[in-house]
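Input: a single structure, listed below in structure tokens.
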Amino acid sequence: MATQVLCASLLVALFANPLHAQLPARDARDATRLYLASPPLVSLADETSSAAEPTLTADQADSLFADAQRLAEQGLEGPAYRLLFEVLAGAPEHADTLRVLGPTLRVLRPDDEPLRAVASRRPERTFGWGADEWRRVDSPHFTVIGSASSEELIAVARRIERLYLAWDQAFFEVWSPAGRLDRALGGSGSLSRTNGRKHTVVLFADRDEYRAKLRGVAPNIDASLGYYAPTRRQAMFFAGDEAQTAALLHEVTHQLFHERLGARGNAGDRSNFWLVEGIATVMESMEDHGDFLTIGGYDAERLQYARFNVFSGKVLIPFEDLVELGQDSFQTDPDVRKMYSQASGMASWLLIDESGERPQVLADLLRELYAGRDAPERLREGLGMSWDECVKQYVAYLRPLKSQVAGRPPRADTTCLAFCYGDIDDATLAALPKLEQLDWLDLTSAPISDRGLRELDRFPALRQLFLTGTATTDECLDEIARIESLEELDLSATRVSNAGLAKLARLPNLAVLHLNDTAIDDSAVETLARFPALNEIDLKGTRMTEAGAARLERLLSARRRD
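For the sequence shown, counting from 1, position 185 maps to 185 in my numbering; every step adds exactly one.
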């Protein structure tokens, strides 16, 4: 335990020390994200190798290198490896770091020549493409083939090379035998590294071809956006759908774990399948910032659903039950969507931890999982706590905090935010930027009042808004009524009145309205009946009588018939 405390103290000290300009200063970083440096030598942004100007002094670089040595000595080789990339990002010519990482950089960096798509002159037998009907792109770690355009094939190759760099750093302690980095850092040699067999990715021209070629090969292919076939060692996708980006990151993550770790069977077929899917969903959150990459974030889409289910939905699958499930039991469960959300939340909780302790447990679990040596109890044993304590810490990790959001606006393409049951307040909400793709916002039981809701028009695509248990009154209903896209609104346990509801009657698409535990009574019947699209209304705990509710239902039914 003393070693763990020392390791944690060193990592916390590192995060408190501003270092260089390429990555955000450590004390300005978002603690809900994992930051991964991308030195110029391994950047695919402009398809060239270039030497960046140093942003670390020689003393700073030496100090960081010494920190990496201490981390590795204490068994935290993953953080040490990632720290070496930061040294190189700030001091590209640092001799000791180049000595250790030299073979790694030769493996990771792209070829000097730009990526090119080469038209094939031979038929492709597996998918039935004739000569000149398909193309091939070779990048450092992937062979991308398909009937998609050259530009689309190259774009996919670039993106998955960046994923490869993120995966390589984030999971160093999973794929690298223990002690290798410590020996390289403590001696005069290098971290030996060879480039293995390339990973194959297939990109079809469109979704129709994807379905036609893979029907009968992959399960549920009509609804899927991508598929990794372990027996074929191929990840398969289609071009032309921007929503496919998450699927690309997800499935290629499966591919990297399976192929880089040499898995012989299907990981998680007997138990712990939650981790197979959980870690792949976390990698969907990877963002490329050029000089660095990040994984996770308080605004990661999958994390919103994990939060929503736990806090607003009151759904948490017991950890001791979830770890017992193999692939078949997991994927055929009626609550599989909620399982995916919780698996993503749990994997994020294990990965994003400044102390370095939970990531080490995660690394051990992943290594055992893909070697077929995992057991349901390993999560609890690795963390050294009871299942109840695991749940307690996980729920604390999920709780949204204004300190996480302050000065770190959500991604511009954010589609959902679960800010429920935290301390997100009016000032935090007012400081959010315009989010043109935000689809739902959950503020249940947050310290929000009318003041914080006055600028909801910054979310013009909002379809679902949950305000249960907030200090909302009639005063902000005019602002809410301007969100014409709104389809579901929850005002339960707020201070809205019968008179205030009239302001919402002009919402053209509002189909579901929750008014539980409010002062609404029979005098609101006529007003509610005028809502043009209302199909479902919750009135539990209100002052509306059974007769009033029955009359409202008759009026709504008559309107539907008309």
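Ideal placement from N, C-alpha and C gives every residue a C-beta, glycine not left out.
Buried or exposed: residue i, going by 16 or more other Cβ atoms within 10 Å of its Cβ?
| i | result |
| --- | --- |
| residue 289 | exposed |
| residue 532 | exposed |
| residue 535 | exposed |
| residue 220 | exposed |
| residue 140 | buried |
| residue 400 | buried |
| residue 436 | exposed |
| residue 222 | exposed |
| residue 312 | buried |
| residue 28 | exposed |
| residue 121 | exposed |
| residue 128 | exposed |
| residue 593 | Any property of residue 593 remains undetermined from this structure, which presents the chain solely from 1 to 562. |
| residue 503 | buried |
| residue 560 | exposed |
| residue 97 | buried |
| residue 123 | exposed |
For residue i, does the three-state DSSP call read helix, strand or coil?
| i | result |
| --- | --- |
| residue 489 | strand |
| residue 370 | helix |
| residue 339 | helix |
| residue 533 | coil |
| residue 544 | coil |
| residue 549 | helix |
| residue 60 | helix |
| residue 175 | helix |
| residue 217 | coil |
| residue 449 | strand |
| residue 310 | helix |
| residue 124 | strand |
| residue 206 | coil |
| residue 263 | coil |
| residue 236 | strand |
| residue 134 | coil |
| residue 426 | helix |
| residue 512 | strand |
| residue 97 | helix |
| residue 1 | Interpretation of residue 1 is limited by its pLDDT of 39, a score under 50 that renders its predicted location unreliable; the figure taken from the coordinates is listed afterwards. Reduced to three states, the DSSP call for residue 1 is coil. |
| residue 387 | helix |
| residue 496 | coil |
| residue 296 | strand |
| residue 67 | helix |
| residue 357 | helix |
| residue 201 | strand |
| residue 441 | strand |
Leaving out five residues before and five after residue i in sequence, what residues of the same chain have Cβ atoms less than 7 Å from its Cβ?
| i | result |
| --- | --- |
| residue 284 | 246, 249, 250 and 302 |
| residue 398 | 306, 307, 310 and 345 |
| residue 39 | 85, 88, 89 and 92 |
| residue 434 | 458 |
| residue 211 | 221 and 222 |
| residue 147 | 129, 133, 134, 204, 205 and 209 |
Only counting the same chain, and skipping five residues up and downstream in sequence, which positions put a Cβ closer than 6 Å to that of residue i?
| i | result |
| --- | --- |
| residue 428 | 402 and 405 |
| residue 366 | 174 |
| residue 235 | 201, 228, 251, 252 and 255 |
| residue 68 | 80, 83 and 84 |
| residue 563 | Look at the range of the chain in this structure, 1 to 562, and you will see that residue 563 is not part of it. |
| residue 468 | 444, 490, 492 and 493 |
| residue 279 | 347 |
| residue 193 | 103, 104 and 107 |
| residue 276 | 267 and 268 |
| residue 195 | 107 |
Residue i and residue j look like a contact to me (Cβ under 8 Å); what is the Cβ gap, rounded to whole Å?
| i | j | result |
| --- | --- | --- |
| residue 426 | residue 452 | 3 Å |
| residue 410 | residue 443 | Between residue 443 and residue 410 the Cβ distance is about 14 Å, and since that is not below 8 Å, they are no contact. |
| residue 168 | residue 272 | Contact flag wrong, Cβ pair sits at about 23 Å. |
| residue 494 | residue 527 | Actually they are not in contact, since the Cβ atoms of residue 494 and residue 527 sit about 16 Å apart, beyond 8 Å. |
| residue 294 | residue 33 | 4 Å |
| residue 153 | residue 184 | 36 Å between Cβ atoms; not a contact. |
| residue 103 | residue 214 | That belief does not hold up - the Cβ atoms of residue 103 and residue 214 are roughly 38 Å apart, past 8 Å. |
| residue 439 | residue 462 | 7 Å |
| residue 564 | residue 203 | Outside the displayed range of the chain (1 to 562) lies residue 564, so it cannot be described from this structure. |
What residues in its chain sit with their C-beta under 8 Å from that of residue i, if we drop five residues either side in the sequence?
| i | result |
| --- | --- |
| residue 550 | none |
| residue 142 | 157, 160, 161, 164, 198, 199, 200 and 201 |
| residue 424 | 400, 401, 402, 405, 443, 446, 447 and 448 |
(request) Could you tell me whether the region 477-490 touches the region 502-511, where touching means 3 or more Cβ pairs closer than 8 Å? (result) Cβ pair count under 8 Å is three or more, so yes.
(request) Evaluate the contact criterion for the region 177-187 versus the region 68-81: three or more CB pairs, one atom per stretch, below 8 Å. (result) They touch, by the three-pair rule.
(message) I'd like to know if the region 383-396 and the region 316-336 are in contact, where contact means that at least 3 CB-CB pairs between them fall below 8 Å.
(response) Contact between the region 383-396 and the region 316-336 is present, because at least three Cβ pairs lie under 8 Å.
(message) Across the region 349-356 and the region 324-331, are there enough close Cβ pairs to call them in contact, namely three or more that are closer than 8 Å?
(response) Because the criterion of three Cβ pairs below 8 Å is not met, the region 349-356 and the region 324-331 do not touch.
(message) Any contact between the region 538-545 and the region 513-527? By contact I mean 3 or more CB pairs, one from each, below 8 Å.
(response) Judged by pairs of C-beta atoms under 8 Å, the region 538-545 touches the region 513-527, as three or more such pairs exist.
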